[in-house]
Structure formats: C-alpha cells, structure tokens
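Residues 13 to 165 (the working numbering) make up the sequence shown, in order. Down below is the structure, laid out as structure tokens.
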Amino acid sequence: MLKVNASYSKKVPVAGQEFSSQSYHASVEVELPDGLSREQLAGRIHDTFVLVRDSVENELRNGNGANQAPTALALAAPQGAPPQNNRTGAKASGKQLQFLTDLAIRRNMDINTLNAEARRLFGVTDTGQLTRQQASQFIDMLNGSGDGAREAA
Numbered sequence: 013m014l015k016v017n018a019s020y021s022k023k024v025p026v027a028g029q030e031f032s033s034q035s036y037h038a039s040v041e042v043e044l045p046d047g048l049s050r051e052q053l054a055g056r057i058h059d060t061f062v063l064v065r066d067s068v069e070n071e072l073r074n075g076n077g078a079n080q081a082p083t084a085l086a087l088a089a090p091q092g093a094p095p096q097n098n099r100t101g102a103k104a105s106g107k108q109l110q111f112l113t114d115l116a117i118r119r120n121m122d123i124n125t126l127n128a129e130a131r132r133l134f135g136v137t138d139t140g141q142l143t144r145q146q147a148s149q150f151i152d153m154l155n156g157s158g159d160g161a162r163e164a165a
C-alpha cells in the first residue's frame with residue numbers, strides 16, 4: 013500500500029496592515045492501492061494535490077479567510093446558521109471530512125464534484141458545512157450502502 017501526502021499553503025495579505033499576512037494551510041494523506049501504473053499513480057497524486065489546493069482556495073474565496081485568525085476559522089459556524097450544540101447538529105469531524113476526501117479520490121472525483129454533490133444532497137456550500145449526521149449519510153452513499161455499514165476509516 014502506498015501513502016500520498018499532499019499539502020497546500022497560501023499567504024494572504026491582511027487588509028489595512030503593511031507587511032502583514034496570514035497563512036492558510038491544508039493537507040491530506042491518502043492511501044493508494046498497490047499495482048497502479050506509473051500514469052495512474054501520477055494521476056492520483058495530481059488529483060490529490062488539486063483537491064487540497066482547491067479546498068484552500070474555495071475557503072478563501074467564500075470569505076472564510078477574510079481577516080480572521082486561522083484558529084477561528086475552524087470554529088466558526090456558517091453565517092446565519094443556528095448554534096449547533098447537539099451531536100447530530102454539530103459540524104462534521106475532521107475524520108469524517110478526511111474520509112469523504114479519501115472516498116472522492118478513490119472514485120476519481122475532484123473537489124468541485126464532491127462539493128456539488130454535497131450541495132445537491134444537503135443544500136450546503138461545500139463538505140466543510142456538513143453536520144456529523146449529514147457527513148455520515150454522505151459517507152454511506154459514497155460507499156454504496158444506505159444501511160449504515162461503512163468501510164473502516
């Protein structure tokens with residue numbers, strides 16, 4: 013089994029402050045099956061990097077990075093969303109989002125396709141806006157099982 017780590021970082025100037033910037037970073041580790049050809053391996057590596065890069069760019073483009081500290085980004089609820097304190101209304105966990113990304117890569121889906129499917133199924137902007145329950149349902153759908161049985165993460 014092969015593992016691929018892809019990461020993407022971007023520095024963004026802070027409005028109104030000279031010589032100041034904020035840095036944004038995302039990374040993902042995925043497992044690839046043995047026996048891939050050189051071209052298949054190169055394609056999977058490329059797709060994984062594009063997924064991570066597009067995720068960072070989408071977050072910044074959607075306004076999530078505008079003049080906020082990076083630590084606040086992970087805790088911020090979507091604008092206009094009610095507070096989510098209960099288990100089913102809580103935001104999807106990092107593990108769930110990682111697993112969704114892994115499943116998308118296994119199915120040769122790019123980030124735009126994955127986000128479009130999340131938008132179609134759950135009415136969210138992107139996978140980062142899914143609740144734990146929605147992410148669980150989405151994982152089940154991508155695994156092809158609606159009965160709650162999932163592959164091991």
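Beta carbons: idealized from backbone N, C-alpha and C, even for Gly.
Sequence-distant Cβ neighbours of G140 in its own chain, meaning closer than 6 angstroms and more than five residues away, do not exist here. In this structure, the beta-carbon distance from V64 to S39 falls below 8 angstroms. Residue pairing from DSSP places V16 in a beta bridge opposite V42.
Residues of the same chain with a CB within less than 6 angstroms of the CB of L115, apart from the 5 flanking positions on each side, are L154 in chain order.
DSSP, reduced to helix, strand and coil, places Q110 within a helical segment of the structure shown. Cβ-Cβ separation between D138 and N70: approximately 6 angstroms, consistent with a contact (criterion under 8 angstroms). S105 and F134 have their C-alpha atoms roughly 16 angstroms apart. D46 counts as exposed, since fewer than 16 other beta carbons sit within 10 angstroms of its beta carbon. For the pair S148 and Q108, the CB atoms are nearer than the 8 angstroms cut-off. Residue state for V26 is assigned as coil, using DSSP reduced to three classes.
Around D59, the same chain offers I117, N120 and D122 as residues with beta carbons nearer than 8 angstroms, after the five sequence neighbours per side are excluded.
Closest by C-alpha distance to V68, out of V24, E43 and Q145, is V24. Secondary structure note for L126: its alpha helix (DSSP H) is the uninterrupted segment I123 to F134.
Secondary structure at T143: strand, using DSSP grouped into helix, strand and coil.
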